[in-house]
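Novice:
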Amino acid sequence: MTRYDVIIIGTGAGGGTLARHLAPSGKNILLLERGDWLPREIDNWRADAVFIDNRYISPDTSYDSAGKSFPPQIPADALTSGHGGWHDPWVTQ
Amino acid sequence: MNAANRYDVVIIGTGAGGGTLGRVLAPSGKRILFLERGTWLPREIQNWLTADVFVENRYISPDTWRDKDGETFQPQVHYFVGGATKMYGAALYRLRREDFGELRHYGGISPAWPFGYDDMEAYYDRAERLYVVHGARGEDPTEPPGAPYPFPPVSHEPRIQQLSDDLARAGYHPFHAPCGLMLDESDPPFSLCIRCDAFDGYPCLLHAKADAEVIAVRPALEYRNVTLITGAEAVKLNTNAAGTAVTEVVARMGDGRQETFAGDIVVVSCGAANSARLLLASANDRHPNGLGNASDQVGRNYMFHNSQAVLALSMEPNPTVFQKTLAVNDFYFEGPDFEYPMGNIQMLGKSKPEMYRGERPGETRLAPTWSLRDIANHAVDFWLSSEDLPRPDNRVTLEQDGTVRLSYEPSSDVPAARLFEQLKSMLGHLGMHRDHLLPRHAYLKTAIPIAGVAHQAGTCRFGTNSATSVLNIDCRAHEVDNLYVVDTSFFPSIGAVNPALTAAANAIRVGDHLLERLHASTPAEPELVEANR
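Heads up: the protein sequence lines correspond to chains A and L, in order. Read in our numbering, the first sequence has 84 at position 81, and its numbers run on one by one without any break. Read in our numbering, the second sequence has 974 at position 133, and its numbers run on one by one without any break.
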């Protein structure tokens, strides 16, 4: 088994930034990321690919408080209708 | 003149010649000025959009030239930082050893250069490192010797690998085409280049193509002693009273006013047609036929490749994304039943439906029952280049109003036609529909032969005899002590491979000469490869 000084699970604003801060220390750091590198491609710039076809939304399933499944994205109607699966406290409160 | 406008070296033009020269001189600490008539090429999504690039001609700069009959046309020029290389396919070939000697062609003699390949070899090595050339030395039997390519060859996608295998089985020598791009196939997340389908003929949005802007001009500008002024078109070079040195570069600025600049050394790198134009427009009492033109050779011997884009239809679909990976030089020096040079066959970037002529299938004349998308899905795109020979009557002259007049007739169409027939005869062995090899004008929306001014060369040829050449061996004007021409103008002959690497290698060669002349030196160049992962 490989041992590290620090294991960081996730490479986003938190984990990624933390790793950037620790990297020059020389400590052995492992970044674990469930996803892949985001492909660099012309679809990055295409509104229909990004917002309609949801090209960069990763396959995953979450469950709301009623046990209904929904993909972890904000449905287009969630913010206006107040229901639709996504319970964002900043919106619904 | 404003004292701030005095430089050690003024370089007019920022393409493969001028840009590369500036990159070589930059670390010396000498004060260097780039004057560029164009702007930075905008980085925008249209860089990648076929209709904008190939149909709307978004990046063809407004300019008007006249042909031999006085008819106006718009040349396909690209006035941007980086010059013509912004749009090129980065096919970075060395001329063959034999190209430096005299070669007998069907249409006449391809003249010898004043020195041989051995004198250029080391500069080619350096140019390949600078321009991040990927390739496989030894695959192409016509290729001259050199250091190993600095980067591994760009891999073939399956349909092109099949083509390579079929060609080899038929006894030919397909090879991995040399290409300059910041691609690391062993580590894709860290590869700047993503092997996209918008490379050949498109500007690279990612700055992952090894063009003169990315490879030469931007790194040169890292040095505080290097200045770039865009939107500054040099219109005249003034000399001292004796006519022995250029004292002023007069430029028309973006706002229409004129400004003058001075350099101990003045380098003209405007591309073959426009370099000749600038010298001709700079005629004065001491140089009545144009600056440095006692030989009457300025503007003459305009060459460009007798090139054809052709499309074959694969039996199996061709889903290749990055197609420009294979080339064949088996017919470079002769062909079966043809004892003269025919030329080079290479791949083009994959063609797309938007490029094809005709809104409905039948209008394309390609395959009447197929849709444009069917055609695109089966198209295999080749580029055939045959050498054009220097002819004194193929020349750039100036109209009364200063407009470029380009009088041109190809030296011979026969080798190009033979090369076309040769490829056509091979299609059946290559998994393609027999007898379907379609020249560009039959399927592309835009095709005006003379307007395609890529690969232009020869208008200020160099040589040892000042009566028959414009430049000496150092690419300095025979008659003007501080005037150099560093682009493809100096070519006495053009060969049949893309001239950009030779333009860059020569710029490095002249750069070394200028460093010596200026008593300057630069650090060794280990950074060249390292900086371009």
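The beta carbon of each residue, even a glycine, is placed where N, CA and C say it ideally should be. Quick caveat, the model's predicted, so the values are computed rather than measured.
#1: Assuming P1158 of chain L contacts N1218 of chain L under a Cβ cut-off of 8 Å, what Cβ separation, rounded to an integer in Å, is found between them?
#2: By how many angstroms is the C-alpha of A1018 of chain L removed from the C-alpha of Y1197 of chain L?
#3: Flag this pair as yes or no: are the beta carbons of V918 of chain L and T855 of chain L separated by less than 9 Å?
#4: Compare the C-beta of I32 of chain A against all C-beta atoms of chain L and say whether one is closer than 9 Å.
#5: Thinking N1235 of chain L and A1337 of chain L are a contact (beta carbons under 8 Å), I'd like their distance in whole angstroms, please.
#6: Can you list the residues of chain A that W889 of chain L reaches, using a CB-CB cut of under 7 Å?
#7: Whole angstroms is fine: what's the gap from H946 of chain L's alpha carbon to Y1181 of chain L's?
#8: Just to make sure I have the definition right: I need the residues of chain A whose C-beta is within less than 8 Å of the C-beta of P1037 of chain L. Which are they?
#9: Would DSSP call V1058 of chain L helix, strand or coil?
#10: For V916 of chain L, count neighbouring C-beta atoms within 10 Å of its own C-beta (all shown protein chains included) and say buried if the count is 16 or more, exposed if not.
#11: In angstroms with no decimal places, state the Cα-to-Cα distance between G1084 of chain L and L933 of chain L.
#12: Check the DSSP bridge columns for G1104 of chain L and list the partner residues they point to.
#13: What's the gap between the Cα of N97 of chain A and the Cα of D51 of chain A?
#14: CA-CA distance, I1056 of chain L and Y972 of chain L?
#15: Report yes if the C-beta distance between I1314 of chain L and G1299 of chain L is below 9 Å; otherwise report no.
#16: Going along the chain, which residues of its own chain have a beta-carbon closer than 7 Å to the beta-carbon of Q1149 of chain L, five neighbours each way excluded?
#17: To which residues does DSSP link H975 of chain L through a beta bridge?
#18: Would you mind working out which of A:L34, A:P27, A:I60 and A:R49 sits nearest L41 of chain A, comparing C-alpha positions?
#19: If we ignore side chains and look at the alpha-carbon of each, how far apart do Y964 of chain L and G879 of chain L end up?
#20: Could you name the residues of the same chain whose beta carbon sits closer than 6 Å to that of R1000 of chain L, not counting the 5 residues immediately before and after it, in chain order?
#21: Give me the residue from L:A1039, L:W954 and L:R1036 with the minimum Cα distance to D940 of chain L.
#22: So, with DSSP's three-state summary, where would you put H1219 of chain L?
#23: If distances are taken between C-alpha atoms only, which option among L:R1302, L:I1216 and L:I852 comes closest to I1106 of chain L?
#24: Would DSSP call E969 of chain L helix, strand or coil?
#25: By how many angstroms is the C-alpha of Y7 of chain A removed from the C-alpha of H24 of chain A?
#26: How would you call T1309 of chain L, buried or exposed, if buried means at least 16 neighbouring beta carbons within 10 angstroms?
#27: Got a sec: is the Cβ-Cβ distance from L1047 of chain L to anything in chain A below 9 Å?
#28: Look at V1311 of chain L and S1136 of chain L and say whether their C-beta atoms are less than 9 Å apart.
#29: To test your reading of the DSSP string, which unbroken alpha helix (DSSP H) runs of 4 or more residues are found completely within the region 1232-1311 of chain L?
#30: Beta carbon of L1271 of chain L, beta carbon of L1008 of chain L: below 9 Å?
#31: Under a CB-based cut-off of 9 Å, is I886 of chain L close to chain A?
#32: Distance check for S1155 of chain L and A1011 of chain L, CA to CA, integer angstroms please.
#33: Determine the direct distance from the alpha carbon of D960 of chain L to that of Q1099 of chain L, and round the result to whole angstroms.
#34: Output needed for V1067 of chain L: all residues of its chain with C-beta closer than 6 Å, excluding positions within five of it in sequence on either side, in chain order.
#35: Apart from the five residues on each side of it in sequence, which residues of its chain come closer than 6 Å, Cβ to Cβ, to A1361 of chain L?
#36: Could you tell me whether the region 879-898 of chain L touches the region 1127-1141 of chain L, using the rule of 3 or more Cβ pairs below 8 Å?
Specialist: Working from what's here:
#1: 5 Å
#2: 26 Å
#3: no
#4: no
#5: Contact doesn't hold; Cβ gap of about 17 Å is too wide.
#6: I45
#7: 5 Å
#8: According to the sequence shown, residue 1037 of chain L is Cys rather than Pro. Chain A residues near C1037 of chain L: E44 and I45.
#9: helix
#10: Looking at the sequence provided, one finds Pro at residue 916 of chain L rather than Val. So P916 of chain L ends up on the buried side.
#11: 38 Å
#12: L:Y848
#13: The question about residue 97 of chain A has no answer here: the residues shown for chain A are numbered 4 through 96.
#14: 6 Å
#15: no
#16: L1225, A1257, F1261, P1280 and R1281
#17: L:F992 and L:C1020
#18: Taking each of A:L34, A:P27, A:I60 and A:R49 in turn and checking the Cα distance to L41 of chain A, the smallest one comes out for A:I60.
#19: So the two alpha carbons sit approximately 28 Å from each other.
#20: N1159 and T1161
#21: L:W954
#22: Note: H1219 of chain L maps to helix in three-state DSSP.
#23: L:I852
#24: helix
#25: 16 Å
#26: exposed
#27: yes
#28: Contact: yes.
#29: 1255-1267 and 1281-1284
#30: For L1271 of chain L and L1008 of chain L, yes; Cβs fall inside 9 Å.
#31: yes
#32: 17 Å
#33: 41 Å
#34: A867, I873 and A1061
#35: S869 and K871
#36: no
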